[in-house]
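The next block holds one structure in the form of structure tokens; read it before the comments.
Number of protein chains: 2
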Amino acid sequence: MSKRSYNQYCGVARAMDVLGERWTLLIVRELLTGPKRFKDLLEGLPGIGTNLLTARLKDLEGYGVVRRVTLPPPAASRVYELTELGRSLEPVIMGLARWGLKFLGASREEDDRQPAWAMVALKSVLKSEAKGETRESYEFRVDDEVFHVWIADGETEVRQGSAADPDLVVRSDTQTFLAVAAGRIEPTEAVASGAIGTEGDREARERCMKMLGAR
Amino acid sequence: MSKRSYNQYCGVARAMDVLGERWTLLIVRELLTGPKRFKDLLEGLPGIGTNLLTARLKDLEGYGVVRRVTLPPPAASRVYELTELGRSLEPVIMGLARWGLKFLGASREEDDRQPAWAMVALKSVLKSEAKGETRESYEFRVDDEVFHVWIADGETEVRQGSAADPDLVVRSDTQTFLAVAAGRIEPTEAVASGAIGTEGDREARERCMKMLGAR
DNA sequence: CGGAATCCTCTTCGATACTG
DNA sequence: CAGTATCGAAGAGGATTCCG
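Protein chains in written order, with numbering that gives the first Met the number 0: chain A, 0 to 214; chain B, 0 to 214.
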């Protein structure tokens, strides 16, 4: 039962011992947008197979990357969530997301699409220099999924669900959203063409578009 | 011959399509410290096997991550080197190196050890904000491995071997070095306790400790 | 030396079916 | 729902061989 290891006294190799198997990093990506049930993970990872998912979650739990918790009543469902150690992988995942965008140019027919992935892409491309003193939140409604971005003290959080009192609401379909995140469409153009609709403060909109890469 | 893909329209998934197979990211790590011959790679990746290495290099070349070049005479040897796209993976690798440090606490008997990997670890923990106008070099002697850091124009280079005229020489054992790198020990404390010894300019020492994460 | 090709064994993956 | 069991297919690992 001894797990396969690269057996190298090196941080990269150890990281790959933990994360290097097929699907593992994608599971972490899924959990980055909040705790998920087994079934949610299955749906977010088309093709994984239940046995693999079980095995990966068990491994990640063993490494202290993932934790299994039971939500308080009345939900009472069991979910998987990232530990502190797991959340500290966020910069790595975002780096991979940004790097992978270079291969995302051509959308392929066989590709699955999910709003949550767009949020990861979104976060990975948010321009930090635009954050500054900003302290506000934007709600994104991409097709029928809702997320929000919360900016405060130079930190950016992207979470599932709607914002309490958003300074801006952004509506879009998944296609447009991904295209903007991938840098293939200018956010301002998408707004101008109506592919992206916004409600809220005009200045908030401009700051938001700037963070999305608007020139 | 259709390559296996996650088929997700997501940057992370595409990145894993390219980099996610066994050994691939470690090959990139190896090439991060300079071009390497096939044999050098084999030695830096104990256990990989010639067929796998060939296949991975071919894939990476196909993706434009790696390039095959023939060195000018008299060397005239064929080497593999990272393309611009490949070098842009450095932040990701460094992120993984930093994360993997947390699993490196216990050195295992069966682990391979190579100076180049320690260099990667060092580079991954150097704090960039401390660089500023600094223009100097530090030599590190970790157990019997020697490498040096050269800082100039806000850039940091880590190289094998000793420095020509180092402003500072830092001595330490591997355990201490890793503990400092992983943030488990304050560099200044390690100096105070004698676990890290330094020779050279006092101000250089302070700058160096700052880059190692001293508060 | 720098690979490519072949063969064989073992492990892992992927898909489906089945159970608490 | 949340997994376990199972089984054929694909990939990994190691050795060896061949070639330029």
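Every residue, glycine too, gets a C-beta built ideally from N, C-alpha and C.
Tell me the residue span of the beta strand (DSSP E) that contains residue i.
| i | result |
| --- | --- |
| L31(A) | Run containing L31(A): none; DSSP gives neither H nor E here. |
| F37(B) | No beta strand (DSSP E) holds F37(B); the alpha helix (DSSP H) holding it covers 37-43. |
| G196(A) | 195-199 |
| R66(A) | 65-69 |
| R86(A) | Unbroken run through R86(A) is the alpha helix (DSSP H), 83-86; no beta strand (DSSP E). |
Report the three-state DSSP secondary structure of residue i (helix, strand or coil).
| i | result |
| --- | --- |
| M0(B) | For M0(B), the predicted model reports a pLDDT of 40, less than 50, meaning its position is unreliable; a value from the coordinates is still stated below. Residue state, collapsed to three classes: coil. |
| Q113(A) | coil |
| R21(A) | coil |
| E185(A) | coil |
| T155(B) | strand |
| L100(A) | helix |
| I47(B) | coil |
| K209(B) | helix |
| Y5(A) | coil |
| R170(B) | strand |
| R107(B) | coil |
| E227(B) | As displayed, chain B neither begins before 0 nor continues past 214, which places residue 227(B) out of reach and without an answer. |
| E60(B) | helix |
| E226(A) | Shown here, chain A extends from 0 to 214; a query on residue 226(A) therefore has no answer. |
| A12(A) | helix |
Quick one: using the 10 Å Cβ neighbour count with 16 as the cut-off for buried, is residue i buried or exposed?
| i | result |
| --- | --- |
| E135(B) | buried |
| G85(B) | buried |
| S76(A) | exposed |
| R55(A) | buried |
| G43(B) | buried |
| M0(A) | Below a pLDDT of 50, predicted positions are generally treated as unreliable, and M0(A), at 42, falls in that range; the measurement from the model is reported next regardless. Exposed, because fewer than 16 other Cβ atoms sit within 10 Å of the Cβ of M0(A). |
| G48(A) | exposed |
| M210(B) | buried |
| E29(A) | buried |
| G153(B) | exposed |
| G99(B) | buried |
| D164(A) | exposed |
| A181(B) | buried |
| D166(B) | buried |
| A178(B) | buried |
| R138(A) | For the record, residue 138(A) in the displayed sequence is Glu; it is not Arg. Buried. |
| L122(A) | At residue 122(A) the sequence reads Lys, which differs from the Leu that was named. Counting Cβ neighbours within 10 Å, K122(A) comes out buried, since at least 16 surround it. |
| R183(B) | exposed |
| L103(A) | buried |
| A151(A) | exposed |
| V68(A) | exposed |
| R97(A) | buried |
| L88(A) | buried |
| G46(A) | exposed |
| R214(A) | exposed |
| L70(B) | exposed |
What residue range does the alpha helix (DSSP H) around residue i cover?
| i | result |
| --- | --- |
| Q174(B) | 173-180 |
| Y137(A) | Here Y137(A) belongs to no alpha helix (DSSP H); instead the beta strand (DSSP E) covers 135-141. |
| R214(B) | Premise fails: R214(B) is in no alpha helix (DSSP H) and is neither H nor E. |
Answer yes or no: the CB of residue i versus the heavy atoms of the ligand GDP, is any distance below 8 Å?
| i | result |
| --- | --- |
| R206(A) | In terms of ligand content, the structure shown is empty, and the ligand GDP therefore cannot be addressed. |
Pair every Cβ in the segment 158-174 of chain B with every Cβ in the segment 193-212 of chain B, then say whether three or more of these pairs are closer than 8 Å.
With three or more CB-CB distances shorter than 8 Å, the segment 158-174 of chain B counts as touching the segment 193-212 of chain B.
Looking at chain A, which residues of the segment 99-117 of chain B have a Cβ within less than 9 Å of any of its Cβ atoms?
G99, L100, K101, F102, L103, S106, R107, E109, D110, D111, R112, Q113, A115, W116, A117
Quick test of the definition: if touching needs 3 or more C-beta pairs under 8 Å, does the segment 199-207 of chain A touch the segment 22-42 of chain A?
When C-beta atoms of the segment 199-207 of chain A are compared with those of the segment 22-42 of chain A, fewer than three pairs fall below 8 Å, so the two segments do not count as touching.
Touching or not, the segment 110-124 of chain A and the segment 6-13 of chain B, by the rule of three or more beta carbon pairs under 8 Å?
yes
Which residues, in chain order, does the segment 69-97 of chain A contribute to contact with chain B at a C-beta distance below 8 Å?
For the segment 69-97 of chain A, the residues whose beta carbon sits under 8 Å from a beta carbon of chain B are, in order, L84, S87, L88, P90, V91, I92, G94, L95, A96, R97.
Output needed in chain order: residues of the segment 1-12 of chain B with a Cβ under 8 Å from some Cβ in chain A.
Y5, N6, Q7, Y8, C9, G10, V11, A12
Using a beta-carbon distance cut-off of less than 8 Å, what residues from the segment 142-165 of chain A approach chain B?
none
Residues of the segment 48-68 of chain B whose Cβ lies closer than 7 Å to any Cβ of chain A, in chain order:
From the segment 48-68 of chain B, no residue has a Cβ closer than 7 Å to chain A.
Residues of the segment 177-188 of chain A whose Cβ lies closer than 7 Å to any Cβ of chain B, in chain order:
L177
Output, in sequence order along the chain, the residues in the segment 26-50 of chain B whose CB is closer than 7 Å to any CB in chain A.
R28
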